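Using our numbering, read the sequence shown as starting at 924 and increasing by one per residue. Glycine included, C-beta positions come from ideal geometry on N, C-alpha and C. Please read these numbers as outputs of a predicted model, since none were measured by experiment. See below for the structure under consideration.
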Amino acid sequence: MIKGALDKFDQLSRRERLLVAITILVLIIAAFFVLASEPLYKAQESSRLQIEQAERTISNREIEKNALIQAKAADPSLAIRKEVQSLMQQDKQLTAELSRQSVFLTDPSQMTHVLETVLEKSPGITLQKLTSLPVEPLKLAASSVQTSDEQEKTSPPAPVYQHRFELQIRGEYQDVYDYLLRLESLSSAFFWDVLEYRVSKHPEAEVLLRVYTLSAEEGWLGG
């Protein structure tokens, strides 16, 4: 069966053989990126869920704390004062936990340096474009439906910002593959948002890579 396929391949014209080879290469590359992206998307989803849960808990604690503060004004008993202090302490602990969830992520101000450092170790890669995209707040699901009075009395959770970065590079398949492995092996981490691979002039390809990290600070990348 294999011999028959090889015989048919040999009977093809040079142009047809080249098209078949390129098609097989593109299929292999596509399969690799699908397999490589799955764990990254799972890690991204896990981190988002943890941050969202912490945000919801903080918001609920704020509601309870404000309710007890109002009760204290009407009946300033020792038990209520202690409960208010306890809730405030829990609020601080939850905020700290939210910060710890982002410790493993690359600091936004270091993203440019991190990507450029890896590029310096990849001589087969040519940088075409390096762009900082607008900072956006991370969209989290609302913790509960609140009335207008509750919204006025409840302090909103601390915002989390999405710092995005776009990188366009050119290189042969193996060089691109090695560069992506170096990025993935970094001790500091970030989320992979978009990865586009396009063969421009065989054997070189153009790659569009968009990544982002999270921070409580709304600062422009590259600072």
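Closest Cα partner of R1133 within the set F1088, E1141, E1043: F1088
Considering only the alpha carbon of each residue, which of Q1091, E1039, S1138 lies closest to E1059? S1138
Is A1128 helix, strand or coil when you go by DSSP? Here A1128 sits in strand by DSSP.
So what does DSSP say about A1139, is it helix, strand or coil? coil
Let's test the definition: count the other Cβ atoms within 10 Å of the Cβ of R984 and tell me whether it reaches 16, buried, or not, exposed. buried
Where T1054 sits in the DSSP three-state scheme: Residue state, collapsed to three classes: strand.
Less than 8 Å separating the beta-carbons of E1119 and L1131? yes
Cβ shell of A1128 (< 8 Å), same chain only, five flanking positions each side left out: Closer than 8 Å at Cβ, skipping near neighbours: R1093, G1094, E1095, Y1096, V1099, Y1120, R1121, V1122.
What is the DSSP secondary structure of L1061, reduced to helix, strand or coil? Coil at L1061, not helix or strand.
When burial is assigned at 16 or more other CB atoms within 10 Å of the CB, is H1125 buried or exposed? exposed
Beta-bridge pairing of R1004 - partner residues as DSSP gives them: For R1004, which the question treats as bridged, DSSP gives no partner whatsoever.
Less than 8 Å between the beta carbons of Y1102 and V1041, yes or no? yes
In its own chain, which residues sit with a C-beta less than 7 Å from the C-beta of K988, not counting the 5 before and 5 after it? V1007, L1010, M1011, D1014
Simplified DSSP state of I1048, which is helix, strand or coil: coil
Would L1061 and V1083 be called neighbours here (beta carbons separated by less than 8 Å)? yes
Inter-residue spacing [alpha-carbon to alpha-carbon] between I952 and Q1033: 30 Å
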